[in-house]
Amino acid sequence: MTGMRVFPLTGAIRPYAWGSHTAIAGLQGRPAPTDAPEAELWLGAHPGDPSTVTGPDGPANLASLIAADPAGQLGAQVADEFDGRLPYLMKVLAAAAPLSLQAHPDAAYAREAYARQQADPDAPRIYTDPHHKPEALVALTTFDALCGFRAPDVSAAVLEGLALPQLAPVVAALRAGTAGLRDAVQTLLTWPTDERPALIESVVSATLAAADDHPYAREFALAAGLAEHYPGDPGVLVSLLLNHVRLAPGEAIWMPAGNLHAYLAGTGVEIMAASDNVLRGGLTPKRVDVDELLRVLRFEVLADPLLPAYEVAPGLMTWRVPVREFQLYRVTLDGAPVPVPVGGPRIVLGVRGAVTVAQPVGAVAPVVLTPGTAAYAPAAVGPVTLSGVGEAFVATAAE
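If you count by our numbering, then the sequence shown holds residues 147 to 545, one letter each, in order.
Listed below in structure tokens is the structure:
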């Protein structure tokens with residue numbers, strides 16, 4: 147592709163069954179409802195669905211573009227640190243139904259597990275790459291999620307409120323505090339398969355029999371709702387051990403390695419390390435790897451799942467995360483231009499209004515973003531400035 151400049155970027159839409167028929171289409175101004183569910187809009191160079199850059203020479207695969215000139219596209223430091231690959235993946239995620247209970251390995255374990263798997267041709271193919279997958283999500287709409295373990299004594303009280311004698315061993319484990327979290331989770335996820343439907347039916351019956359003013363009515367409603375989507379799944383009970391978070395637009399959560407989580411409903415901008423290593427424990431028709439999940443889970447209380455935002459400059463916010471693969475910014479524009487004080491390989495996603503992405507090169511036309519459209523700025527183009535009236539998110543590698 148000729149020259150270094152900011153180009154329009156077209157992402158790929160993933161049609162997972164839990165996706166919305168209206169959210170992404172509505173954001174982009176397309177007719178809705180769509181025939182197929184639209185779960186995620188991928189923006190990046192992940193080999194599973196790399197985005198397309200549109201320039202004067204025609205469309206180009208972003209992964210191929212980076213592979214042809216890693217230093218120019220990524221910057222020498224990012225290219226060297228991440229072996230010539232774009233280290234993050236940006237998404238618009240639109241959940242109309244709950245996603246799986248899942249966690250991701252840390253970087254050291256991902257490398258070891260992937261190498262071990264690749265060395266054994268008979269081993270199950272659990273890991274797709276040798277990388278970790280920390281992730282954060284910023285809500286665009288009201289967004290419900292399960293994120294990290296809450297205090298075990300609270301979880302014990304919730305399960306006791308169901309008044310089911312068969313859950314007594316789980317309650318006892320939780321009464322032991324964090325030391326019993328692993329036993330509680332393992333007991334639920336390894337519940338005898340033939341007994342699971344009756345157990346979850348009993349849970350649903352108990353929730354329906356509870357009074358509307360029951361102190362755990364919200365938790366009971368969550369369990370009953372999950373059981374509708376995933377009958378007979380012990381993940382329904384594991385969900386009651388987690389923080390149930392309801393994000394307002396603009397609020398964020400952080401999912402580090404080993405953090406058990408699940409998205410329930412809503413639309414958000416997600417940023418993650420460019421990996422596809424997911425270990426599932428339930429609430430899914432996909433492969434469940436309980437033993438491997440238990441190896442990577444961190445059995446500790448997450449007291450506050452929310453990730454605070456910080457103002458960098460007027461109109462420019464960020465969320466600080468302890469990883470090198472990505473940094474996410476939100477730019478709010480009221481007509482005055484906002485310089486984006488970061489370099490590296492940047493992806494800009496418009497979510498409201500009309501946002502112009504310009505670079506300091508005289509004859510190069512800027513890219514104008516409407517909601518749900520994106521632009522890509524290689525490291526070599528230098529600083530970019532956003533202007534217009536609207537809102538956009540900017541992703542880049544940490545500096």
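Even glycine gets a Cβ: it sits at the ideal position worked out from N, Cα and C.
Only a predicted model underlies this, so the values are computations on that prediction, with no experimental measurement involved.
Can you list, in chain order, the residues of its chain with a C-beta nearer than 7 Å to that of residue i? Leave out the 5 residues immediately preceding and following it.
i, result
"Asp-329", "Ala-319"
"Ala-538", "Val-477, Val-494, Leu-495, Gly-496, Val-497, Val-501, Leu-515 and Leu-532"
"Ala-217", "Ala-225"
"Thr-168", "Ala-178 and Pro-179"
"Ala-209", "Ala-191, Pro-193 and Pro-196"
May I have the straight-line CA-CA distance separating residue i from residue j, to the nearest angstrom?
i, j, result
"Pro-380", "Pro-311", "16 Å"
"Ala-525", "Gly-326", "48 Å"
"Pro-280", "Ser-421", "9 Å"
"Tyr-362", "Leu-292", "16 Å"
"Glu-258", "Leu-439", "15 Å"
"Val-391", "Gln-332", "23 Å"
"Val-300", "Ala-265", "44 Å"
"Phe-445", "Thr-288", "28 Å"
"Val-199", "Ala-158", "12 Å"
"Leu-239", "Tyr-522", "19 Å"
"Trp-400", "Ala-256", "19 Å"
"Gly-201", "Ala-269", "43 Å"
"Asp-464", "Leu-393", "The question names Asp, but residue 464 in the sequence shown is Thr. When rounded, the distance between both Cα atoms is 17 Å."
"Asn-207", "Thr-324", "47 Å"
"Ala-222", "Gly-412", "38 Å"
"Pro-298", "Val-316", "11 Å"
"Val-382", "Ala-356", "17 Å"
"Arg-160", "Gly-194", "10 Å"
"Val-550", "Leu-155", "The displayed coordinates of the chain run from 147 to 545. Any statement about residue 550 would go beyond what the structure contains."
"Arg-342", "Leu-313", "12 Å"
"Met-150", "Val-304", "57 Å"
Let's see if you can read the secondary structure: which residues bound the alpha helix (DSSP H) around residue i?
i, result
"Tyr-162", "Note, Tyr-162: premise wrong, no alpha helix (DSSP H); not H, not E."
"Gln-505", "Premise fails: Gln-505 is in no alpha helix (DSSP H) and is neither H nor E."
"Val-382", "381-384"
"Pro-154", "Segment 153-156 is the beta strand (DSSP E) holding Pro-154; no alpha helix (DSSP H) there."
"Val-350", "342-355"
"Thr-333", "327-335"
"Ile-170", "169-174"
"His-390", "Premise fails: His-390 lies in the beta strand (DSSP E), 388-393, not in any alpha helix (DSSP H)."
"Leu-429", "Unbroken run through Leu-429: none, as it is neither H nor E."
"Pro-216", "216-220"
"Gly-371", "363-375"
Taking all protein chains shown into account, decide if residue i is buried (16 or more other Cβ within 10 angstroms of its Cβ) or exposed.
i, result
"Thr-430", "buried"
"Lys-237", "buried"
"Gln-219", "buried"
"Tyr-456", "exposed"
"Ser-166", "buried"
"Glu-545", "exposed"
"Leu-241", "Correcting the residue type first, residue 241 is Ala in the shown sequence and not Leu. Flag for Ala-241 reads buried."
"Ala-511", "exposed"
"Ala-541", "buried"
"Gly-204", "exposed"
"Gly-371", "buried"
"Ala-213", "exposed"
Flag this pair as yes or no: are the beta carbons of residue i and residue j separated by less than 8 Å?
i, j, result
"Leu-189", "Ala-520", "yes"
"Tyr-162", "Pro-196", "no"
"Ser-385", "Leu-368", "yes"
"Thr-274", "Asn-389", "no"
"Gly-534", "Leu-479", "yes"
"Pro-179", "Leu-410", "no"
"Val-436", "Thr-336", "yes"
"Trp-164", "Ala-191", "no"
"Leu-235", "Gly-414", "no"
"Val-530", "Val-152", "yes"
"Ala-398", "Phe-472", "no"
"Leu-448", "Phe-295", "yes"
"Ala-373", "Ala-309", "no"
"Ala-261", "Pro-395", "no"
"Ala-408", "Ser-246", "yes"
"Gly-518", "Val-484", "no"
Beta strand (DSSP E) containing residue i: first to last residue?
i, result
"Gln-312", "No beta strand (DSSP E) holds Gln-312; DSSP gives it neither H nor E."
"Ala-455", "455-459"
"Glu-416", "407-419"
"Gly-528", "Careful: Gly-528 lies outside any beta strand (DSSP E) and carries neither H nor E."
"Gly-204", "204-207"
"Tyr-234", "234-241"
"Gly-294", "289-295"
"Glu-186", "186-190"
"Glu-281", "281-285"
"Arg-476", "473-480"
Counting only the same chain and skipping the five closest in sequence on each side, list residues whose C-beta sits under 6 Å from that of residue i.
i, result
"Tyr-376", "Leu-429"
"Gly-536", "Leu-479, Arg-498, Gly-499, Ala-500 and Val-501"
Only counting the same chain, and skipping five residues up and downstream in sequence, which positions put a Cβ closer than 8 Å to that of residue i?
i, result
"Gly-528", "Gly-489, Gln-505 and Pro-506"
"Leu-425", "Gln-248, Ala-249, His-250, Pro-251, Ile-272, Asp-435, Glu-438, Leu-439 and Val-442"
"Ala-253", "His-277, His-278 and Ala-403"
Nearest chain B C-beta to residue i closer than 8 Å, yes or no?
i, result
"Trp-337", "Given the protein chain composition of this structure (a single chain), no chain B is represented."
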